[in-house]
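Q:
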Amino acid sequence: MAALVGGCSAAPPTVTVTVGAQSRELAPTQLCLDGEPQLYPEADRPPVLRVGPGEPIRIEVSEELSESGWQIQIFDDELAEQIGQVPVGNLTVFDELTTSDARPPAYFLIVVQDAGSDCEGLSGAWPIGLLRER
């Protein structure tokens with residue numbers, strides 16, 4: 258708490274997902290910030306975008322996140338089963354996915370920061386849901 262009051266706490270890295278004309282800046286559900294684990298259990302349910310088939314997905318991350326490395330994990334619509342993973346590395350922009358790459362019509366993409374030695378391996382996670390309509 259003192260770090261927040263003193264103003265010396267770093268801001269979380271940013272993640273923006275764009276599909277067609279829709280764009281959302283995502284909030285993390287967990288994060289290692291200033292060497293301390295931050296969990297956001299009361300966070301709102303991740304945003305869900307209604308998308309068409311075959312639309313390109315563009316994910317842009319801040320420099321801080323790209324430097325640590327990141328990946329995209331794909332989960333079912335209940336966030337229970339991982340159905341895919343795309344390692345991205347140190348890019349700031351990744352645009353090699355489309356809304357039709359995942360088989361189910363409803364699924365979640367989670368941008369996951371590569372875990373470092375801080376926070377006992379806890380890494381940042383930024384989820385967004387996609388609902389593919391015909």
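If you're matching positions, the sequence shown starts at 258 in the numbering used here and goes up one per residue. Virtual Cβ for every residue (Gly too), placed ideally from N, Cα, C. Remember, predicted model here, so these are calculated numbers, not experimental data.
(1) Excluding the five sequence neighbours on either side, which residues of its own chain have a C-beta within less than 6 Å of the C-beta of F365, listed in chain order?
(2) Rank E390, E293, Q339 and P310 by C-alpha distance to the C-alpha of V368 and give the top, closest one.
(3) Assign Q279 to one of three DSSP states: helix, strand, or coil.
(4) By DSSP, does L322 sit in helix, in strand, or in coil?
(5) Looking at the unbroken beta strand (DSSP E) that takes in Y364, where does it start and where does it end?
(6) Take C376 and list the residues in its own chain whose beta-carbon comes closer than 8 Å to its own, dropping the five residues that flank it on each side.
(7) Between which residues of its own chain and R391 is the CB-CB distance below 6 Å, once the five residues before and five after are set aside?
(8) Sorted by chain position, which residues of the same chain lie with C-beta nearer than 7 Å to T349's C-beta, five sequence neighbours on each side aside?
(9) DSSP three-state call for G378: helix, strand or coil?
(10) Do Q370 and G326 come within 9 Å of each other at the CB atom, strictly closer than that value?
(11) How far does the beta strand (DSSP E) with G346 in it reach, from first residue to last?
(12) Report, in whole angstroms, the separation of the C-beta atoms of Q287 and A372, which I expect to be a contact under 8 Å.
(13) Among the residues of its own chain, which have a CB less than 8 Å from the CB of V308, if the five just before and after it don't count?
A: Reading from the atomic positions:
(1) F332, L336, P384 and G386.
(2) With distances taken between Cα atoms, V368 lies closest to Q339.
(3) Looking at Q279 - three-state DSSP - the assignment turns out to be strand.
(4) L322 falls in the helix class under three-state DSSP.
(5) Per DSSP, Y364 belongs to the beta strand (DSSP E) from A363 to Q370.
(6) Non-local beta-carbon contacts of C376 in its own chain, meaning distances under 8 Å to residues more than five positions away in sequence, involve C289, G292, E293 and P294 in chain order.
(7) Same-chain partners within the cutoff: there are none.
(8) Taken in chain order, the residues that qualify are E317, V318, E320 and S323.
(9) Correct three-state label for G378: helix.
(10) Taking 9 Å as the Cβ cut-off, G326 and Q370 qualify as a contacting pair.
(11) Q339 to G346 is the span of the beta strand (DSSP E), which, as asked, contains G346.
(12) A372 and Q287 do not touch by the CB rule: their CB atoms are close to 11 Å apart, not below 8 Å.
(13) Hits under 8 Å: V276, G277, Q279, T356, L387, L388, R389 and E390.
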